[in-house]
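S.K.:
Residue numbers (the numbering used here), protein chains in the order written: chain A, 1 to 167; chain B, 1 to 119.
1) So, does the CB of residue 113 of chain B fall closer than 9 Å to a CB anywhere in chain A?
2) Could you tell me whether the Cβ atoms of residue 135 of chain A and residue 24 of chain A are closer together than 9 Å?
3) Return helix, strand or coil for residue 54 of chain A, following the three-state DSSP convention.
4) Taking beta-carbon pairs under 9 Å, can you tell me which members of the stretch 55 to 68 of chain A lie near chain B?
5) Use the C-beta contact count for residue 131 of chain B: other C-beta atoms within 10 angstroms, 16 or more gives buried, fewer gives exposed.
6) Which chain B residues are close to residue 130 of chain A, counting only those with a beta carbon under 7 Å from its beta carbon?
7) Mind listing the chain B neighbours of residue 48 of chain A? Cutoff is C-beta to C-beta under 8 Å, in chain order.
8) Using a Cβ-Cβ distance under 9 Å, would residue 143 of chain A count as near chain B?
9) Mind listing the chain B neighbours of residue 34 of chain A? Cutoff is C-beta to C-beta under 9 Å, in chain order.
10) Which of the three DSSP states, helix, strand or coil, is assigned to residue 5 of chain A?
11) Around the Cβ of residue 58 of chain A, are there at least 16 other Cβ atoms within 10 angstroms (buried) or fewer (exposed)?
12) Note down, in chain order, all residues in the stretch 51 to 66 of chain B with a beta-carbon under 9 Å from any beta-carbon belonging to chain A.
13) Indicate the three-state DSSP secondary structure (helix, strand or coil) for residue 33 of chain B in the structure shown.
14) Nearest by alpha-carbon distance to residue 52 of chain A: which of B:21, B:16, B:106 is it?
Spelled out as structure tokens, the structure:
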């Protein structure tokens with residue numbers, strides 16, 4: 001299902017998986033063709049982080065990006081969307097260079113605690129990102145909010161995007 | 001359906017054997033509703049409606065979600081579809097994001113190679 005490579009110039013595109021790994025948790029995985037220390041750098045240095053966190057296809061403008069990847073340090077991302085701005089923010093709870101990064105998502109109530117784990121093997125890095133919600137209900141809400149009013153795809157996409165960005 | 005165990009089938013048939021519960025399913029097919037909404041519509045007590053919804057929930061026909069003090073009911077299958085759709089959108093977003101991350105890491109690798117490893 002993930003082997004659609006017709007439009008992919010890079011033959012070795014790795015597979016991204018997303019699953020609901022428990023009642024309260026969503027797990028994203030992907031292998032990156034590079035050592036863990038470079039993935040870590042891209043995740044913890046603002047000037048690198050902002051190059052990939054908001055792919056161009058999202059159609060959003062990143063106005064500012066602050067990343068202070070130390071225990072207790074904060075991050076803050078501000079986007080322009082339509083006429084308004086929206087911010088995503090939180091703080092880092094655990095910082096183990098090249099290996100493990102844990103942060104909060106504080107822009108919404110019931111936000112997840114995100115845990116990034118990097119596992120390097122033979123020059124490649126398995127990236128695991130877990131979003132652990134405070135309850136099953138909060139996880140359910142994150143996965144279905146914005147769809148019940150039936151206001152169409154734009155809102156659904158925006159909603160999915162917001163959750164992804166928050167993650 | 002052939003994979004349903006006799007016990008599951010029993011639960012489904014028992015759930016559907018009641019006219020009120022069939023009415024609740026029909027109602028939820030149109031839109032989600034709270035227990036209070038359903039109790040009012042079918043002119044019963046909250047406790048009575050909770051019992052009916054409980055039977056439907058056990059049969060896997062209805063899912064409920066409590067937000068604050070309000071419990072909302074949805075058709076079980078629809079909820080699963082929503083989740084599946086959400087997971088796929090979430091996967092696409094992360095896939096796009098990781099594609100960009102790949103480029104950043106490639107660039108870092110290239111720079112390291114050019115500079116020799118200084119770190």
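Virtual Cβ for every residue (Gly too), placed ideally from N, Cα, C. Just so we're clear, the structure is a prediction, and the values are computed from it rather than from any experiment.
M.R.: On the basis of the data shown:
1) Judged by the 9 Å Cβ criterion, residue 113 of chain B is not in contact with chain A.
2) Against a cut-off of 9 Å, the Cβ pair of residue 24 of chain A and residue 135 of chain A comes out as a contact.
3) Of the three classes helix, strand and coil, the one that applies to residue 54 of chain A here is coil, per DSSP.
4) Taking 9 Å as the cut-off between beta carbons, the residues of the stretch 55 to 68 of chain A near chain B are 55, 56, 57, 58, in sequence order.
5) Nothing about residue 131 of chain B can be read from this structure; chain B reaches only from 1 to 119.
6) The premise fails here: residue 130 of chain A is roughly 13 Å from chain B at the closest Cβ pair, so nothing lies under 7 Å.
7) Here the neighbours are 104, 108.
8) A Cβ of chain B is located within less than 9 Å of the beta carbon of residue 143 of chain A.
9) 102, 105, 106, 108, 109, listed in chain order.
10) Summary for residue 5 of chain A: the model assigns pLDDT 44, below 50, so the residue's position carries little reliability, and this model does not support an answer.
11) With 16 or more other Cβ atoms within 10 Å, it is buried.
12) Against chain A - using a Cβ distance shorter than 9 Å - the residues of the stretch 51 to 66 of chain B are 63, 65, 66.
13) Reduced to three states, the DSSP call for residue 33 of chain B is strand.
14) Taking residue 52 of chain A as reference, the option from B:21, B:16, B:106 with the minimal CA-CA separation is B:106.
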